[in-house]
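Using this note's numbering, the letters of the sequence shown map in sequence onto residues 566 to 1694.
Worksheet: one structure, shown below.
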Amino acid sequence: MTTLLEIKSSVLRQVQACPTFRRRAEGEPAATSADPPEPAAGAWKPGDGVEFFAHMRLILKKGEGRQGLPRPEVLLRSGSPAPAEPVDPSRGLRALTQEEVDDQETLLGYLQQVFGTSPEEHAEAIERVKKAKAPTYALKVSVMRAKNLLAKDPNGFSDPYCMLGILPASGAPREPGPRTEQRFGFRKGSKRGGPLPAKCIQVTEVKSSTLNPVWKENFVFEIEDVRADQLHLDIWDHDDDVSLVEACRKLNEVIGLKGMSRYFKQIVKSARANGTAGPAEDHTDDFLGCLNIPVREVPVAGEDRWFKLEPRSSASRVQGDCQLVLKLITTQRDTGMSQRGRAGFLSYMLLLSRLLQFEHRSEEPKASCWRGELSGPAATILCLHGAQNNLSALQLAVLHWQVSSRHHQTRTLDYGYLLGLLEDMQAHWEEASSLPQGQEESLADSFNAFSEFGLRLLRQLRDFFPATNSTAVYRLELLLKCLSKMQIFQPSFEVCSFRTELNADISAALKRGNREWYDRLLNTKSPREQSGPQRLAGLVELADAVYEDLQSCYGIYASLFHSITDIDFFTLTFRQLERLVAEEAWVLTEELSPKMTLEVASGLFELYVTLADIRRFWSSISGRDSRSLALAGIHGPFLPAVKLWLQVLRDQVRWRLQGAVDVDTLEPMDASSKHSSSAATASLCFSHIQELWARLAWPDPAQAEALGTQLSQDLCAATLFYTELLRKKVDAQPGAAGEALSEPLCVVLNNVELLRKAAGQTLRGLAWPEVTSGPEGVLPRPLLGCAQALDEDLQQEVHTVTAHLTSKMVADIRKYVQHISLSPDSIQNDEAVAPLMKYLDEKLAVLNSSLVKENLSRVLEALWELLLQAILRALGANLDVSADFYGRFHFTLEALVSFFHAEGQGLPLESLKDGSYKRLEEELRLHQCSTRECIEQYYLDKLKQRSLEQKRFGRLSVRCHYEAAEQRLVVEVLHAADLPPLDANGLSDPFVIVELGPPHLFPLVRSQRTQVKNRTLHPVYDELFYFSVPAEACRRRGACVLFTVMDHDWLSTNDFAGEAALGLGGVGGIARPQVGGSARARQPVTLHLRRPRAQVKSALRMLEGRTNKEAQEFVKRLKELEKCMEADP
């Protein structure tokens, strides 16, 4: 208390004559609202499918935020005020308004509030100050530089120097009024009562050849009368070797006032009157300007400004400015602290501490964001005290840091304010050598204290700087910058250092804080005194909390520590926490393995999923290898629990699907979907299984293959089980009699398609890392086989349901096709087809609204095939009818193609015009042809036919050309090879029948035959046959040579071995003559034997329906040949 009263007394003296003082006020950052907490989740009860999958969804929900690396904008969820730091707050008194204060009474009243004195004590203190001895003042003058001086030397420059001193008071106060023209000068003498004392005159160095000299010299002058004394400064151009500069320096050797006066007169004689030079005074100095500054006009805070140089009289010519730094200080005070030799910086530090305690009010909002803004009276008092104690800018910066950093440990300040103090101190640190030893020791102590305080906060990083609070994270950033900034000052300490390895101390504090946070979490959630099953649920929560903390470390803290302190906080924390969690998991799994139950397996599975997420989190960072982690081999003890849990999953899926189908009404869920509720449930279950497998991420390839194979087989079985449930449910539903389309069937079809896609996607998502890495993107063989088998089964199921759906339309389609066939020739084709088209339009509109796109395409394909078969059936039932009949069905076919193609929105044309369509189109075309055209088509079909199995029926080598001179066709049968064995001995007795066709082109030509070659499959004939035919007939459409290979039998009919046809249009001598054409025509031609196919027989069926003689004779002749042919479908 005594020290505080001494400080108050000292301050009261300085308040007696206080100047104005301006200060800056800094704004406070705005705070934002906090986010509401999230609700907690429940637990799973084994045996209930619904609850099982609800629990699974909770597990997957935890993984939603674990995809990829965390982003700061996701983690920073709140901008609420940061948690309070550990301080010892105390209430302060009400302060005066924050205004600039120059009123003595206001300052005295403010001091009374700060020190908490009673009115009597306050009055007593003021009286004691008034009776005390007045302090001794001094003026500190720094002559910095001048500019734009007059040039006095012939070279256009000057050699300037300054002479300055204090003009003492004359004993009577100067009357205010305008200054006279004649001014005081050191060379002319003073008008104020005699010569100047030696101690009042100082001189700077001479700066040669410059008009803008820089001195930066400091002088201190004692002041006898603050109100009347003034500073006088002359600037001279140095010309002679011994001038006023040397004379002034020798004044200090004069002892006694009488001698000094005599020497000063000698100086005056050497001066030139009014600054004008004469011939005898070439080596005297030239006057460049002067300044007269009353001491009372120097602000208490000092000033740094440019002063315009003044002349001594109207006859003097001067120019330029001079920069001075002026500061009025006290050199001696009548106080207890001064008498005990206490330094001025110590009293300033104690005063500042007292003012901060008073100004910083803890009960105000945003008290922790206070940036040291002082009220007007406080700022004025500090300015007075600092200036009059001659404290430098560095000393003031150091004192404010010392006091504020310690004050922060008792009542939280804004870290930005503390960082600003350090930066201010750094800006003046070049003057560090001028710090007193006591202040340097005090500064080192403050650095040590603040470092220890900051390390304590970093140990409780998660409590005081939570990653979800942007305000707290910003405070952490500023704290780290403060700690980092303090390391800059380490090499400058000569007396003592505060720390040498601050980064190592931060790392140690972080490690200790990590361990304390983990132990606290472990004791809260999974205390070791509990039994294993009881601890399991808590350990799952602990692992989840560790994962979330690691996310915060990576997304928020790591970048701050790395960029500011170069500490890899994430690696440090991950390694430590991962090892601790792994150790706890190892111990618990060993304890629970002999007690494996469904509940324990479920808990261990959930625990492993989180541990796998932690391991995968490390691997997802570039350059990190998870094989070195403590969790790398932890999957082994969890394998029995995972297997048991997957068995539970298999049963739960079937129960869930059974329950979903039981409540399903086989109606679309809503207007936007075309499947029912059970399909959505099944698809969601499969999606959960896929996500869970991805989260499981089993690292051992062999074990992963076993688990994945079993899971995929269970999934396929569940899918087929679901389709079976659907089939039973739709069969059990009563249907309306004669119902053309069944909406439940459409829903079932959509359900199966949805599940086919969902199951396929899930199976592809169940891929595991193979022991031998295969091509990228290719599923493992067991999984691929399972997926293909399931797809085939589901496609078959879709085909079955589609057939069942279209079967309800068969009767109607046949009825409308029959209507077309029975329509009289008198009505138009479009009128005959209109009922069928109307029916199809109505039904397809229903199908389009009820089926998804894939199923609609399948139903359209089935319906298209149904229509084609109905038309073929109608054509087969109507033989030898008019050409208009077939023309009408041709019109119908084209109309149906346009209807089903729907301008590209329906089935593609390639699909429509394939298969049965080609057969139908061919039959319609043939029905519209004449008998001879049908016969020609029969032979053209033989020419177009290609052998599907070229080695099955053998091959025949022939040579053929036309002799134009003789008008005959020459055919040479060379040999055959690889003929089919048709006798019991495994051989054949082959011969070849050679004939020309069609018969109406060659009516006079008879067929010829080779000799029979007994017991061989490779007969050689080399026989030549001549056919006398005109070349024009050989060039006709369908003209060909037909080779029929037969097996000769003595006791039964000959057996058919195969046939081949050779078109005559390309035979040498029939085609247009070409260079070398004859040679090519004589080259052997190898023909592959074949059996007639369906497209060949279609023309024959057309001829069978004809009643004219030519058709009947052609058919009869072919049937005689067929009697000796084996049936070949």
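We put the beta carbon where it would ideally sit given N, CA and C, even for glycine.
DSSP on residue 1567, reduced to helix/strand/coil? The residue you call residue 1567 lines up with position 1002 of the sequence shown. Residue 1567: coil per DSSP, three-state reduction.
Using C-beta distances below 6 Å, list every residue in its chain close to residue 1333, excluding the 5 sequence neighbours before and after it, in chain order. The residue you call residue 1333 lines up with position 768 of the sequence shown. Contacts found: 1269, 1270, 1273.
CB contact flag (residue 1635, residue 1598, <7 Å): Here residue 1635 is taken as the residue at index 1070 of the sequence shown, counted from 1. Here residue 1598 is taken as the residue at index 1033 of the sequence shown, counted from 1. Not a contact, by the Cβ cut-off of 7 Å.
Ordered along the chain, which non-local residues of its own chain (more than five positions away) have a Cβ less than 7 Å from that of residue 1177? For the purposes of this step, residue 1177 is taken as residue 612 along the sequence shown, with counting starting at 1. So the list reads 1260, 1261, 1262, once near-sequence residues are dropped.
The alpha helix (DSSP H) enclosing residue 729, as first and last residue numbers: Stepping through the sequence shown from its first residue, residue 729 is reached at position 164. Taken as a continuous stretch (DSSP letters only), residue 729 belongs to no alpha helix (DSSP H), being part of the beta strand (DSSP E) at 725 to 732.
Quick one: using the 10 Å Cβ neighbour count with 16 as the cut-off for buried, is residue 1526 buried or exposed? In the sequence shown, residue 1526 corresponds to position 961, counting from 1. The residue in question, residue 1526, is buried, as its Cβ has 16 or more Cβ neighbours within 10 Å.
Every unbroken alpha helix (DSSP H) within the segment 1113 to 1175, with a cutoff of 4 residues, ordered by chain: 1123 to 1130, 1134 to 1157
Give the straight-line distance between the Cα atoms of residue 1123 and residue 1134, rounded to the nearest whole angstrom. Position 558 of the sequence shown, counting from 1, holds the residue named residue 1123. Position 569 of the sequence shown, counting from 1, holds the residue named residue 1134. Between residue 1123 and residue 1134, the C-alpha separation is close to 5 Å.
Considering Cα atoms alone, identify which of 1007, 961, 1078, 990 is closest to residue 1019. For this step, residue 1019 is matched to residue 454 along the sequence shown. With distances taken between Cα atoms, residue 1019 lies closest to 1078.
Using 8 Å as the cut-off, can you tell me whether the segment 1244 to 1261 makes contact with the segment 1213 to 1232, which would need three or more C-beta pairs spanning the two stretches below that distance? yes
I need the straight-line Cα distance from residue 1535 to residue 1603, nearest angstrom please. Working through the sequence shown from its first residue, we reach residue 1535 at position 970. Working through the sequence shown from its first residue, we reach residue 1603 at position 1038. So the alpha carbons of these two residues sit roughly 18 Å apart.
Three-state secondary structure (DSSP) at residue 1622? As a first step, residue 1622 must be located in the sequence shown, where it is residue number 1057. Looking at residue 1622 - three-state DSSP - the assignment turns out to be strand.
So what's residue 1179 in DSSP terms, helix, strand or just coil? Counted from its first residue, the sequence shown places residue 1179 at position 614. If DSSP states are grouped into helix, strand and coil, residue 1179 belongs with the helices.
Residue range of the unbroken beta strand (DSSP E) whose run includes residue 935: Along the sequence shown, read from residue 1 onward, the residue named residue 935 stands at position 370. Careful: residue 935 lies outside any beta strand (DSSP E) and carries neither H nor E.
Give the DSSP-derived three-state secondary structure of residue 1333 in the structure shown. For this step, residue 1333 is matched to residue 768 along the sequence shown. If DSSP states are grouped into helix, strand and coil, residue 1333 belongs with coil.
With 16 as the cutoff for other CB atoms within 10 Å, does residue 662 come out buried or exposed? By one-based count along the sequence shown, residue 662 stands at place 97. Residue confidence for residue 662 is low, a pLDDT of 33 falling below 50, so the modelled location carries little weight and cannot support an answer.
Paired residues, beta bridge with residue 855 - DSSP: Residue 855 sits at position 290 when you count from the first residue of the sequence shown. Residue 855 pairs with 799, 875.
For residue 965, which residues of its own chain have a beta-carbon under 6 Å away from its beta-carbon, when the five flanking residues on both sides are left out? What you label residue 965 is simply residue 400 of the sequence shown in a count that begins at 1. So the list reads 986, once near-sequence residues are dropped.
Are the Cβ atoms of residue 1107 and residue 1086 separated by less than 7 Å? Your numbering for residue 1107 matches position 542 in the sequence shown. Your numbering for residue 1086 matches position 521 in the sequence shown. Contact flag set, yes.
Would you kindly report the start and end of the unbroken beta strand (DSSP E) that includes residue 1236? Here the question's residue 1236 lines up with position 671 in the sequence shown. Run containing residue 1236: none; DSSP gives neither H nor E here.
Using the beta-carbon count (16 or more within 10 Å), is residue 1117 buried or exposed? The residue you call residue 1117 lines up with position 552 of the sequence shown. The residue in question, residue 1117, is buried, as its Cβ has 16 or more Cβ neighbours within 10 Å.
Could you check if residue 1364 is buried or exposed, using at least 16 other CB atoms within 10 Å of its CB as the buried criterion? The count along the sequence shown starts at 1 and reaches residue 1364 at position 799. Counting Cβ neighbours within 10 Å, residue 1364 comes out exposed, since fewer than 16 surround it.
Please report the straight-line C-alpha distance between residue 794 and residue 951, rounded to a whole angstrom. In the sequence shown, the residue the question calls residue 794 occupies position 229. In the sequence shown, the residue the question calls residue 951 occupies position 386. Their Cα atoms are separated by approximately 22 Å.
With a threshold of 7 Å between beta-carbons, can residue 1322 be considered close to chain C, or not? The question asks about chain C, but that chain is absent: this structure has only one protein chain.
Measuring alpha carbon to alpha carbon, tell me which residue in 978, 982, 963, 1022 is nearest residue 996. Numbered from 1 along the sequence shown, position 431 holds the residue referred to as residue 996. Residue 963 is the option with its Cα nearest to residue 996.
Residue 1302 by DSSP, collapsed to three states: which one? On the sequence shown, position 737 is the one that residue 1302 refers to. Any reading at residue 1302 needs caution, since the residue's pLDDT is 40, under 50, leaving its predicted position unreliable; the model's value is listed next. Residue 1302 falls in the coil class under three-state DSSP.
Ordered along the chain, which non-local residues of its own chain (more than five positions away) have a Cβ less than 8 Å from that of residue 1179? For the purposes of this step, residue 1179 is taken as residue 614 along the sequence shown, with counting starting at 1. Excluding positions up to five away in sequence, the list reads 1108, 1111, 1112, 1115, 1143, 1146, 1196.
Rank 1683, 1203, 911, 1678 by C-alpha distance to the C-alpha of residue 1657 and give the top, closest one. As a working note, residue 1657 is residue 1092 in the sequence shown. Of the listed residues, the one whose Cα sits closest to residue 1657 is 1683.
Could you check the C-alpha separation between residue 725 and residue 699 for me, to the nearest Å? Within the sequence shown, residue 725 is the residue found at index 160, counting from 1. Within the sequence shown, residue 699 is the residue found at index 134, counting from 1. So the two alpha carbons sit approximately 39 Å from each other.
Sort 1071, 1584, 1000, 1121 by Cα distance to residue 961 and report the nearest one. The residue labelled residue 961 in the question sits at position 396 within the sequence shown. That would be 1000, whose Cα lies nearest to the Cα of residue 961.
Can you find the residues in the same chain that come closer than 7 Å, C-beta to C-beta, to residue 1168, ignoring five residues on each side of it along the sequence? Locating residue 1168 in the sequence shown gives position 603, counting from the first residue. The beta carbon of residue 1168 sits closer than 7 Å to those of 1101, 1102, 1105, all from its chain and outside the five residues before and after it, given in chain order.
Can you tell me which of the three DSSP states residue 510 falls into? Because the chain here runs from 566 to 1694, residue 510 falls outside it and cannot be looked at.
On a CA-only basis, which of 1519, 854, 1509, 1437 is nearest residue 1486? Give me that one, please. Taking the first residue of the sequence shown as 1, we reach residue 1486 at position 921. Taking only the C-alpha atoms, the option nearest residue 1486 is 1437.
Three-state secondary structure assigned by DSSP to residue 1384: The sequence position of residue 1384 within the sequence shown is 819, counting from 1. DSSP places residue 1384 in helix when its eight states are reduced to three.
Straight-line gap, residue 954 to residue 772 (C-alpha atoms, nearest Å): Within the sequence shown, residue 954 is the residue found at index 389, counting from 1. Within the sequence shown, residue 772 is the residue found at index 207, counting from 1. For residue 954 and residue 772, the distance between alpha carbons rounds to 32 Å.
How many angstroms separate the CA atom of residue 1676 from the CA atom of residue 1496? Indexing the sequence shown from 1 puts residue 1676 at position 1111. Indexing the sequence shown from 1 puts residue 1496 at position 931. Cα to Cα, the separation comes out at about 6 Å.
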